[in-house]
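Protein sequence lines, in the order shown, are assigned to chains S and E. Each residue of the first sequence is one higher than the one before, starting from 1 at the first, in UniProt numbering. Each residue of the second sequence is one higher than the one before, starting from 1 at the first, in UniProt numbering. The next block holds one structure in the form of structure tokens; read it before the comments.
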Amino acid sequence: MSFLEFSHISKAYPGVQALSDVSFSVAKGAIHGLMGENGAGKSTMIRVLSGDQHADTGDIVIDGQVQKYASTRDAFHAGVIVIHQELQLVPELTVAENLRLGRFPANAGVIQARQMFSEVGEKLKSAGIDIDPRRKVKTLSIGERQMVEIAKAIMLDARVIALDEPTSSLSSRESEILFALIERLRAEGKVILYISHRLDEVFRLCDSLTVLRDGKLAAHHPSLENVTREQVVAEMVGREISNVWGWRARTVGDVRLKAEAIAGDKLMQPASFEARAGEILGFFGLIGAGRSELMRLVYGADLRSGGTISVDGQAIRAVDPRQAIRAGIVLCSEDRKHDGIIQGRSLEENINISSRRHNTRFGILNPRKEAEIAETYIKKLKVRTPSRKQDILNLSGGNQQKVILGRWLSEQGVRVLIVDEPTRGIDVGAKSEIYEILYQLAEQGMAIIVVSSELPEVMGICDRILVMCGGRISAHIDRNDFSERAILAAALPDKKTPDAIAS
Amino acid sequence: MTNSFKKILLGDQGLVVIFVLAFALVSVFVPNFLTERNMLGLLQSVVTVGIVACTMMFCLAARDFDLSVGSIVAFAGMVAVMASNATGSIMVGILAALLCGGAVGLINGVVIAKFRINALITTLATMQIVRGLALIASDGRAVGINDPNFYQLALSKLFGIPSPIWVLAILFVVFGFVLNRTVFGKNTLAIGGNPEASRLAGVNVDWTRIWIFTLQGMVCAIAGILLASRITSGQPNAAIGLELSVISACVLGGVSLAGGRAAIAGVIVGVMIMGIAENVMNLLNIPAFYQYIVRGVILLLAVLLDNLRSSALGRR
Chain S
1 MSFLEFSHIS KAYPGVQALS DVSFSVAKGA IHGLMGENGA GKSTMIRVLS GDQHADTGDI
61 VIDGQVQKYA STRDAFHAGV IVIHQELQLV PELTVAENLR LGRFPANAGV IQARQMFSEV
121 GEKLKSAGID IDPRRKVKTL SIGERQMVEI AKAIMLDARV IALDEPTSSL SSRESEILFA
181 LIERLRAEGK VILYISHRLD EVFRLCDSLT VLRDGKLAAH HPSLENVTRE QVVAEMVGRE
241 ISNVWGWRAR TVGDVRLKAE AIAGDKLMQP ASFEARAGEI LGFFGLIGAG RSELMRLVYG
301 ADLRSGGTIS VDGQAIRAVD PRQAIRAGIV LCSEDRKHDG IIQGRSLEEN INISSRRHNT
361 RFGILNPRKE AEIAETYIKK LKVRTPSRKQ DILNLSGGNQ QKVILGRWLS EQGVRVLIVD
421 EPTRGIDVGA KSEIYEILYQ LAEQGMAIIV VSSELPEVMG ICDRILVMCG GRISAHIDRN
481 DFSERAILAA ALPDKKTPDA IAS
Chain E
1 MTNSFKKILL GDQGLVVIFV LAFALVSVFV PNFLTERNML GLLQSVVTVG IVACTMMFCL
61 AARDFDLSVG SIVAFAGMVA VMASNATGSI MVGILAALLC GGAVGLINGV VIAKFRINAL
121 ITTLATMQIV RGLALIASDG RAVGINDPNF YQLALSKLFG IPSPIWVLAI LFVVFGFVLN
181 RTVFGKNTLA IGGNPEASRL AGVNVDWTRI WIFTLQGMVC AIAGILLASR ITSGQPNAAI
241 GLELSVISAC VLGGVSLAGG RAAIAGVIVG VMIMGIAENV MNLLNIPAFY QYIVRGVILL
301 LAVLLDNLRS SALGRR
């Protein structure tokens with residue numbers, strides 16, 4: 001018996017047919033996976049479900065009733081809660097205040113704080129979420145914030161909960177807690193729509209699955225019995241992908257980047273490492289282990305309190321990103337929205353923002369050259385966009401990531417490329433493409449540093465892994481000695497056995 | 001029909017279309033509007049707002065704000081008059097005014113970019129300080145111009161068109177070029193779009209912001225010199241409330257207060273719409289008190305239109 005039904009949904013944006021005639025249904029008490037590459041239409045589907053966007057044609061039916069909501073508020077009242085990748089919490093308010101926002105327990109306008117905290121505390125406890133309701137949201141980790149978002153859905157008595165890439169910034173331990181919570185919601189008869197790129201998670205959690213490709217329904221599996229991963233991947237990309245990683249041996253040259261005794265506020269102890277020409281060096285660790293923080297210090301994005309950096313044997317100052325870029329160090333940040341894309345500006349401008357300094361004369365731009373560079377990298381990186389003039393905000397996450405890569409590839413004389421979570425929120429097909437780009441750059445002699453919280457990824461593509469834990473480098477492992485067990489053991493702050501997490 | 005009309009109105013050039021339509025309408029229905037004399041008068045009346053709008057556009061595009069422009073215009077006008085009176089050289093007067101305007105802008109820029117003080121607060125403070133300086137310098141009185149040649153700055157004509165209008169036109173062209181075709185302009189827009197991402201992409205954010213304010217100060221000085229020449233004296237109370245007219249004109253022209261979006265064509269149209277509205281109301285003998293209401297309504301309508309346009313584009 002289907003509870004949630006999408007019926008012939010179509011939606012067009014300027015220049016893109018985001019969804020065309022998509023229909024599928026989900027049963028009550030089921031976790032339904034929604035998969036597809038970037039730009040396949042998953043996000044649009046969710047926006048339509050959440051009332052944020054209107055479908056051009058088609059209906060959403062919940063429990064036999066056609067929903068005609070005009071806004072997210074109406075969707076809300078219909079019991080539909082969407083938990084976006086970008087969390088919608090107020091950082092300065094406490095957990096309890098966030099959960100009761102808009103519905104504070106008040107007496108003549110005065111908030112009954114004690115009552116609120118105890119009520120929310122109980123709800124959290126009964127849902128198995130171990131977070132103090134008095135803490136301010138800004139003090140929570142990303143994983144904890146995710147839990148609070150889900151708690152919000154629980155408190156609102158949602159009938160349909162859609163989760164958009166919920167584990168993309170979670171450590172494996174946090175993911176486990178999340179999965180337990182989702183399974184609990186299923187047992188209560190909720191409909192869960194689970195959007196993810198991660199096959200492992202989908203196969204582990206979901207009862208049924210829909211695959212979208214290029215805005216169309218590519219496959220619908222009412223049950224996942226007899227469905228293989230290879231089959232789903234093929235449905236997503238429309239072709240077979242044999243080896244996602246595609247790692248191959250490379251000759252490794254001299255030391256390119258040497259970072260010594262790098263110190264900063266968020267590091268427990270000064271960190272030293274080096275990366276060689278042609279090498280892909282991985283940094284693995286749980287969220288908060290200090291990987292991104294270390295990279296930001298090397299890049300000059302944050303203020304170093306000590307340490308020296310040299311490129312090809314030459315000491316450089318790199319106290320701000322401009323100097324780092326000029327010395328040949330570039331960084332693709334982990335937080336694309338906040339630190340990467342320039343909202344409201346075109347792809348062309350986003351690509352050229354740094355490298356244009358090579359093509360200017362007396363500060364005057366060369367529009368033809370900039371157009372040429374933009375077209376080159378749009379083609380080379382297979383960015384899906386109607387034109388180079390498109391606002392970058394209208395692109396899917398993976399395509400935005402490619403544009404940022406294009407920004408750095410168009411720079412001249414890059415010697416060290418640091419990519420922080422290069423494939424976060426990116427589909428399988430685009431992932432292999434990005435890895436292939438990294439391999440080629442390494443073969444050309446760049447030193448590549450990959451920061452990732454996805455263990456299979458760092459193990460799959462790196463030549464060497466440095467593990468970070470609690471703000472310091474805890475292990476150094478060569479490709480020949482890669483093992484999940486060893487890496488996880490070094491990444492875990494307490495001495496828990498890695499098997500509990502790896503399983 | 002209605003659909004394509006809607007498309008044009010909500011398109012990129014929607015404001016220009018509205019402007020052309022409005023212009024055609026008033027030309028036909030308002031007597032004496034489309035005469036050479038009135039056209040020149042109209043352009044003369046928007047010179048101050050138009051000149052300052054050139055750099056205000058950069059300020060807003062970079063997500064900043066400058067409230068001190070009116071005070072700088074008055075102060076620079078005073079400086080120009082007093083310095084040329086004292087030295088007997090108009091050139092020295094002009095240079096002194098540009099220097100003083102630029103200095104105030106530089107201070108604004110350094111405080112905002114380096115000390116990270118909110119632009120609204122910083123320029124609210126300098127707005128008052130600079131107005132105070134102008135009043136102190138002249139003891140609150142207007143300062144007359146000694147050298148009659150100073151009047152020629154505003155009165156002289158080239159091809160029958162008064163020089164201030166030429167200055168305005170040149171500044172529109174120059175700053176239009178700077179915005180679209182230079183690294184400085186693109187960096188300004190990028191900073192407005194996302195300051196942190198711009199910094200990480202190697203843009204010298206502090207330097208750019210300081211320059212924007214310094215330029216703003218210097219451009220205000222140009223407006224101040226021309227204004228002083230036109231009103232034949234340095235007036236410490238000149239250009240009060242100018243900042244609001246300028247920001248209105250920019251917003252009317254589609255410059256986003258959230259930063260990252262600006263176009264010189266829009267700013268020109270914004271300045272002209274404001275000027276025409278005032279001009280037409282004067283021609284029709286509408287009492288000045290009502291003009292405030294009309295200006296406010298125009299601004300509101302323009303912003304509402306902009307909002308409709310953004311949502312039509314599917315931007316959030």
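For every residue, glycine included, the Cβ atom is placed at its ideal position computed from N, Cα and C.
Residue i (DSSP reduced to helix, strand or coil)
{"i": "residue 86 (chain S)", "result": "coil"}
{"i": "residue 446 (chain S)", "result": "coil"}
{"i": "residue 119 (chain E)", "result": "helix"}
{"i": "residue 339 (chain S)", "result": "helix"}
{"i": "residue 330 (chain S)", "result": "strand"}
{"i": "residue 17 (chain S)", "result": "strand"}
{"i": "residue 379 (chain S)", "result": "helix"}
{"i": "residue 112 (chain E)", "result": "helix"}
{"i": "residue 44 (chain E)", "result": "helix"}
{"i": "residue 152 (chain E)", "result": "helix"}
{"i": "residue 213 (chain S)", "result": "strand"}
{"i": "residue 127 (chain S)", "result": "coil"}
{"i": "residue 217 (chain E)", "result": "helix"}
{"i": "residue 107 (chain E)", "result": "helix"}
{"i": "residue 312 (chain S)", "result": "coil"}
{"i": "residue 182 (chain E)", "result": "strand"}
{"i": "residue 99 (chain E)", "result": "helix"}
{"i": "residue 263 (chain S)", "result": "strand"}
{"i": "residue 273 (chain S)", "result": "strand"}
{"i": "residue 389 (chain S)", "result": "coil"}
{"i": "residue 94 (chain S)", "result": "strand"}
{"i": "residue 275 (chain E)", "result": "helix"}
Assigned exposure category for residue i - 16 Cβ within 10 Å defines buried
{"i": "residue 91 (chain E)", "result": "exposed"}
{"i": "residue 19 (chain E)", "result": "buried"}
{"i": "residue 108 (chain S)", "result": "exposed"}
{"i": "residue 57 (chain E)", "result": "buried"}
{"i": "residue 368 (chain S)", "result": "exposed"}
{"i": "residue 8 (chain S)", "result": "exposed"}
{"i": "residue 183 (chain S)", "result": "exposed"}
{"i": "residue 71 (chain S)", "result": "exposed"}
{"i": "residue 185 (chain S)", "result": "buried"}
{"i": "residue 439 (chain S)", "result": "buried"}
{"i": "residue 35 (chain E)", "result": "exposed"}
{"i": "residue 75 (chain E)", "result": "buried"}
{"i": "residue 149 (chain E)", "result": "exposed"}
{"i": "residue 299 (chain S)", "result": "buried"}
Whole-angstrom C-beta distance between residue j and residue i, which should lie under 8 Å
{"i": "residue 195 (chain S)", "j": "residue 81 (chain S)", "result": "Incorrect: roughly 14 Å between the Cβ atoms, too far for contact."}
{"i": "residue 383 (chain S)", "j": "residue 403 (chain S)", "result": "6 Å"}
{"i": "residue 89 (chain S)", "j": "residue 145 (chain S)", "result": "6 Å"}
{"i": "residue 214 (chain E)", "j": "residue 70 (chain E)", "result": "Residue 214 (chain E) to residue 70 (chain E), Cβ: 18 Å. No contact."}
{"i": "residue 163 (chain S)", "j": "residue 129 (chain S)", "result": "Residue 163 (chain S) to residue 129 (chain S), Cβ: 15 Å. No contact."}
Those residues which DSSP pairs with residue i across a bridge
{"i": "residue 139 (chain E)", "result": "Looking at the DSSP assignment, residue 139 (chain E) forms no beta bridge with any residue, so it has no partner."}
{"i": "residue 299 (chain S)", "result": "For residue 299 (chain S), which the question treats as bridged, DSSP gives no partner whatsoever."}
{"i": "residue 158 (chain E)", "result": "E:161"}
{"i": "residue 33 (chain E)", "result": "In DSSP, residue 33 (chain E) forms no bridge with anything."}
{"i": "residue 24 (chain S)", "result": "S:6"}
{"i": "residue 257 (chain S)", "result": "S:275 and S:311"}
{"i": "residue 364 (chain S)", "result": "S:361 and E:182"}
{"i": "residue 284 (chain S)", "result": "S:452 and S:467"}
{"i": "residue 306 (chain S)", "result": "S:263"}
{"i": "residue 107 (chain S)", "result": "S:110"}
{"i": "residue 136 (chain S)", "result": "S:94"}
Residue i: contacting residues in chain A (beta-carbon distance under 8 Å)
{"i": "residue 343 (chain S)", "result": "Chain labels in this structure do not include chain A; the protein chains are S and E."}
**Item:** Ranges of the beta strand (DSSP E) found wholly within the segment 404-487 of chain S, counting only runs of at least 3
**Value:** 416-420, 447-452, 464-469 and 472-478
**Asked** Which whole runs of the beta strand (DSSP E) in the segment 27-81 of chain S are 3 residues long or more, in chain order?
**Response** 31-36, 57-62 and 65-67
**Continuous alpha helix (DSSP H) assignments of at least 4 residues falling wholly in the segment 226-252 of chain S** = 229-237
**Asked** Can you give, in chain order, each stretch of the beta strand (DSSP E) that sits fully within the segment 153-200 of chain S and has at least 3 residues?
**Response** 160-164 and 191-195
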